[in-house]
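Peer 1: Pasting in a structure now, in structure tokens, and then I'll have a few things to ask.
Take a look at the structure:
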């Protein structure tokens, strides 16, 4: 096996993408490429201290900058892009989280429109101890501190949408986007159905860690240095984003209400067990019902995201998604970062 | 420490409770008692083979029999019952799962009323290998089999409801009931706010295992031999059921739509960190947002149940719920089953 | 036609029913009876001025008193009770509305659990001009006043629930209950499926008027003098409450989320056109889609209620629900109140 | 008053717009212009008989063609466009409705993903009697026919979205779009907040009539000849589409779940009464709660749309939205069509 092609991309801030679709390619890449990417944080780097209120330093719609889009050669509608996360590493030794007025799961929002005044707008600066792989929290009130494991992930990964649409990078939907699932970590392959020629994938929104559901709407946000290995699966569609690890098949659904996001993810998993393991629908429904893990991803974004995980160890040997994850693992093994 | 009082209860089928509330006590118990209980499966034991269709052998409302209710001496509205699961063991070497017409997450139902014909009504008999602690699945179509870990739990645990209500044992709500969370396993303490004198708690609906969300609406259902240690926390209320393990604080919410169940569980967890660890609300909101685990419980019952778990290791030493879990652990340690 | 039997019932406050189910009959009645009923307001008459805060003068669960239950002779599960509202007249020249902390559509609630403080608790006393049939509103701030038509209705009408349940009078569900639809006015026949012997129907929660959706959770609440003509339809079931007027067939659904309440009402209407007008399902689906009126009832109660109305003038002559509304109209015509 | 400028536009099919945003202006117009527009039906005219299945003759994303977009001179973000419907008249003597596989309120869909097979795909051709203003339905099964009033309306009216987005013409959201409310009829003024320079409004999706909720997902679809008078309100924003008639103020909300669409519309109406009639928030909340009409618009599209109507006769004289409706009425009076 020859060494893979490696591209290092640190986009100039003027080239950040703020949408999926509607943006000219930042770079053309071939299947089999490894990308070394810098991604800025969701605040476009503007929240640096507890005084930098999002409502003052950030400017809609310039939130959640994406690195990309990448034009994948040969990708056509009906194909699937496979993006394998080789590594995701915080680019700084701190990260920021905030509350944002009228955004989050435990507050009135623009969509759950109530008559309350907004909750307080606050910022927490988390210290990242990259040696010990810990995130340190300091409470505003009192001297409470806590150390949580650093578990870096990308909140946002997607391709250009179908139906001629252009969507804000804050939105998760069938094209991927701002799914905000902690499952999007190093070691994972993300499958995204191609809607337009070249796929036009991009990613961003690094989180040093995040709770399941992203309750307040904002994670431990930080810039990332991320390595991604890219493949193209020709002639195989993927209606909703799927993830694969060495141990799990993972389906996702992003919509409101949350039970519909759950339904999409679970129905996709049932369908996946049929496609790649030959299970009849009702048998797959039963097996999924007893074996699935269903950690929530986000319950705060424009669409809510639900995740359905199924352990490969319950299944016979198989080549899910035509073996792309296995091949990308091998490709990544040849990478000397 | 003297030996705890131990009561063994195998109710006569004529004494099963089919509701929470509205049933005379099966037994009076004192705080500090250990109960050795038999619980029948949710089918009242009538589904024994792949030919025993629920729609034919079961009769509404005689589904989901509960063992209880127990009158806890001294319990008054405003108090909290603590039920510690010492052990939960399948009483048989097989278990049954089914689809039920117009019930489940991936089908039209009586509440998500559509114009489709019902999905097929099918039964799967799972073999339980209690030595190896495995559940064996056989597909109806083809020769596919799978072995999943046996992880016994109770789908239903509750007290008599507030507001003069009597609720079917198929319903989860603020009084507990049919929450169907895999977290209700051995080692867990379940806290339930008392609504009526004596609390009138009962439990049932054993599952040899269950996926998160209970997608098809039915788990790997089986009769159980279960040991529960009981305590009473005077003067402390508990608006929604909470669970505690050696490692986690766990809040629950049960309502529709699912995002509201999520909100209840997360808001209760924020409130719990305030009550028992002194965190200010916005600080707790931030900490929960970054540290919570949010596995779904059920997305099929009359109300959907969402769970919010927070690791104690992120917190300073504390006595959550006045230390009841710790004391019940000690009580259970004195039990020679 | 002989004169119908007429019973006048003004229950002693000690005999109010606070639940559907779980209450001994107030009175036995025969089909064909006319009932002259007094119903107290939802506050049990305790809110009499702008100083009588619900949170201070009312006591859970003693809200929403019902007049009943009535044991209808001959009623068995599988039958349907038909209640025709001959007249609904305010018993006082004032009515009260309020906000209630953590209750209503535009506020955080116990079920949509958020971190906001409750909205202000306020009371508005409305003057009822029964001559001119107007309700007069006075704003708290400034001198704004408004006159809205008096359109008296009952928020709550129901029977004992199925499945051994007892439900708070604040809940709407398949048994009827607190549906809070402005369609429940004089001239309407309400159909309720019988779940227990004797049906055990009751009613209350008079509103001098109410907006569709009952946005703040409380209508223009007042005591009523109401005349109801009662019939029994043997051998015909009615899974969700239906209403009929001289001009409309009206189906209802009560559940969360609101789209599921909509689905129940619409699917029931499709089914009704099949049962009583012989339309095939897909044809009925099409006809309903183009002809239905869908005014909301409540979006604030434990379950939300959606209404589906279809004009009889679009249909051939028929005898919906076995002609009960027509017969009750005739019965009422013989009543000299 | 001089005669208004009148522009007649029948777009070449190659110039139909399939999205809101992302399309070059079809025409520049000045405030005060009257537009005589032809709009094609949502099938782009391809469904002409009961054999023309949408799944065969239509091609995603080429559904729901819009006439426009129009660049309104002087329109800037923060302004509001006012579109007054002078007349909406069917352009043909027939119209088509269909079921579409996995689309509609009473079926599994791509978003409410279930394991059912799709419902049958059927087409109904409705006859339009433009003299008698009736729509005639013929059932597929049996000889049932029905005549419903012709009540022409536009399902889709919108401007270019905010946040750099481009949205399918099948979507309703804050920018308007496919709201599918029967309120969008002749005599109505529609207010849309401007998000981009020139506003870029367009419209289409004529319905000869539609039930509230558009239950099966498709109305009585037909091409229209429509006359619209256009105004610009400088310096006044409009976060969600509003409508005004001689008799009503109408707010809308479009999102899922349906209760959140309800909340948006009701909260906007509360806010409108504050802005233009000086009512304090809690007083407006009370008044809306007792006076609002809440007919559903659509419960089938990507977002659901709820409508909140309030009768002007309950209010003092006012100049809502700076009197734009009144002025547009006058402008339209000067039009000799």
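Chains as they are written, first to last, in the numbering used here: chain A, 145 to 481; chain B, 145 to 481; chain C, 145 to 481; chain D, 145 to 481.
Ideal Cβ positions, reconstructed from N, Cα and C, are used throughout, including at glycine.
Measuring CA to CA, which of D/315, D/237, D/341 and D/372 is closest to residue 220 of chain D?
Peer 2: Among D/315, D/237, D/341 and D/372, the Cα nearest to that of residue 220 of chain D is on D/341.
Peer 1: Name the residues in the stretch 243–259 of chain B whose C-beta lies less than 8 Å from a C-beta of chain D; which are they?
Peer 2: From the stretch 243–259 of chain B, only 250, 251, 252, 256, 257, 258 and 259 have a Cβ closer than 8 Å to chain D.
Peer 1: Does residue 241 of chain D pass the burial test, meaning 16 or more other C-beta atoms within 10 Å, or should it be called exposed?
Peer 2: Buried, since its Cβ has 16 or more Cβ neighbours within 10 Å.
Peer 1: Locate the alpha helix (DSSP H) running through residue 469 of chain A, then write down its first and last residues.
Peer 2: Start and end: 468–477.
Peer 1: Residues in the stretch 262–274 of chain A with C-beta within 8 Å of chain C's C-beta atoms, listed in sequence order?
Peer 2: Within the stretch 262–274 of chain A, the residues whose Cβ lies closer than 8 Å to some Cβ of chain C are 263, listed in chain order.
Peer 1: In chain D, which residues lie with their C-beta within 7 Å of the C-beta of residue 458 of chain C?
Peer 2: Here the neighbours are 290 and 292.
Peer 1: Measure the C-alpha to C-alpha separation of residue 396 of chain C and residue 406 of chain D and round it to an integer number of angstroms.
Peer 2: Spanning the two alpha carbons is a distance of roughly 18 Å.
Peer 1: Once you ignore the five residues that flank residue 238 of chain A on each side, which residues in its own chain have a CB closer than 8 Å to its CB?
Peer 2: Cβ neighbours of residue 238 of chain A beyond the five flanking positions: 269, 270, 271, 272 and 366.
Peer 1: Taking the C-alpha atoms as reference points, what is the distance between residue 321 of chain A and residue 164 of chain D?
Peer 2: Their Cα atoms are separated by approximately 20 Å.
Peer 1: Would you call the stretch 361–376 of chain A and the stretch 385–399 of chain A in contact, with 3 or more CB pairs under 8 Å?
Peer 2: Flag = no, the stretch 361–376 of chain A and the stretch 385–399 of chain A do not touch.
Peer 1: Looking at the structure shown, is residue 426 of chain B part of a helix, part of a strand, or coil, going by DSSP?
Peer 2: It is helical.
Peer 1: How about residue 349 of chain B: is its C-beta nearer than 8 Å to some C-beta of chain A?
Peer 2: Chain A contact via Cβ: absent.
Peer 1: Can the beta-carbon of residue 284 of chain B be found less than 8 Å from the beta-carbon of residue 427 of chain A?
Peer 2: Going by C-beta atoms, residue 284 of chain B is nearer than 8 Å to residue 427 of chain A.
Peer 1: Does the contact criterion of 3 or more C-beta pairs under 8 Å hold for the stretch 400–416 of chain C versus the stretch 274–289 of chain D?
Peer 2: Result no; under three Cβ-Cβ pairs closer than 8 Å.
Peer 1: On the CB-based measure, 16 or more other CB atoms within 10 Å of its CB, does residue 438 of chain A come out buried or exposed?
Peer 2: Flag for residue 438 of chain A reads buried.
Peer 1: Taking a Cβ distance cut-off of 7 Å, strictly less, list which residues of the stretch 197–213 of chain B are near chain C, in chain order.
Peer 2: Answer set for the stretch 197–213 of chain B: 204 and 205.
Peer 1: Output needed for residue 245 of chain A: all residues of its chain with C-beta closer than 7 Å, excluding positions within five of it in sequence on either side, in chain order.
Peer 2: Closer than 7 Å at Cβ, skipping near neighbours: 199, 262 and 265.
Peer 1: Is residue 416 of chain D helix, strand or coil by DSSP?
Peer 2: Looking at residue 416 of chain D - three-state DSSP - the assignment turns out to be helix.
Peer 1: Just to make sure I have the definition right: I need the residues of chain B whose C-beta is within less than 7 Å of the C-beta of residue 401 of chain D. Which are they?
Peer 2: By Cβ distance, chain B contributes 401.
Peer 1: Strictly below 7 Å CB to CB, what residues from chain D border residue 307 of chain A?
Peer 2: Those are 204, 205 and 312, listed as they occur along chain D.
Peer 1: Work out the CA separation of residue 358 of chain D and residue 255 of chain D for me, nearest whole Å.
Peer 2: Distance between the alpha carbons of residue 255 of chain D and residue 358 of chain D: 17 Å.
Peer 1: For chain B, is any of its Cβ atoms less than 8 Å away from the one on residue 404 of chain C?
Peer 2: Closer than 8 Å to some Cβ of chain B, the Cβ of residue 404 of chain C qualifies, so yes.
Peer 1: For residue 378 of chain A, count the other beta carbons within 10 Å of its own beta carbon; 16 or more makes it buried, fewer makes it exposed. Which is it?
Peer 2: Exposed, by the Cβ-count rule.
Peer 1: Within 8 Å (strictly less), CB to CB, does residue 281 of chain C reach chain D?
Peer 2: Judged by the 8 Å Cβ criterion, residue 281 of chain C is in contact with chain D.
Peer 1: For residue 334 of chain D, list the residues DSSP reports as bridge partners.
Peer 2: Residue 334 of chain D is bridged to D/227 and D/387.
Peer 1: What residues of chain B sit near residue 241 of chain A, judged by a beta carbon separation below 8 Å?
Peer 2: The answer, in chain order, is 430, 433 and 434.
Peer 1: Strictly under 8 Å for the Cβ-Cβ distance: is residue 130 of chain C near chain D by that measure?
Peer 2: Outside the modelled stretch of chain C, which goes from 145 to 481, sits residue 130 of chain C, for which no answer is possible.
Peer 1: Where does residue 189 of chain C fall in DSSP's three states?
Peer 2: Coil.
Peer 1: Are there 16 or more other CB atoms within 10 angstroms of the CB of residue 289 of chain B, so buried, or fewer, so exposed?
Peer 2: Its Cβ having fewer than 16 others within 10 Å, residue 289 of chain B is exposed.
Peer 1: For residue 385 of chain A, which residues of its own chain have a beta-carbon under 7 Å away from its beta-carbon, when the five flanking residues on both sides are left out?
Peer 2: Same-chain partners within the cutoff: 320, 323, 334, 335, 336 and 396.
Peer 1: Tell me which same chain residues have a C-beta within less than 6 Å of the C-beta of residue 332 of chain B, skipping the five on either side of it?
Peer 2: Cβ neighbours of residue 332 of chain B beyond the five flanking positions: 229, 387 and 389.
Peer 1: Is there a Cβ of chain A sitting closer than 8 Å to that of residue 299 of chain B, yes or no?
Peer 2: Not an interface residue.
Peer 1: I want to verify the contact list: residues of chain B whose CB lies under 7 Å from the CB of residue 353 of chain A, in sequence order.
Peer 2: Near residue 353 of chain A (Cβ distances below 7 Å), the residues of chain B are 434.
Peer 1: Does the separation of the CB atoms of residue 339 of chain A and residue 305 of chain A fall below 8 Å?
Peer 2: Yes, these two residues count as a Cβ contact at 8 Å.
Peer 1: Do we get a CB-CB distance below 8 Å when we pair residue 121 of chain C with the residues of chain D?
Peer 2: The displayed coordinates of chain C run from 145 to 481. Any statement about residue 121 of chain C would go beyond what the structure contains.
Peer 1: Mind checking if residue 469 of chain C is an interface residue toward chain G, Cβ cutoff 8 Å exclusive?
Peer 2: As a matter of chain content, chain G is missing from the structure shown, whose protein chains are A, B, C and D.
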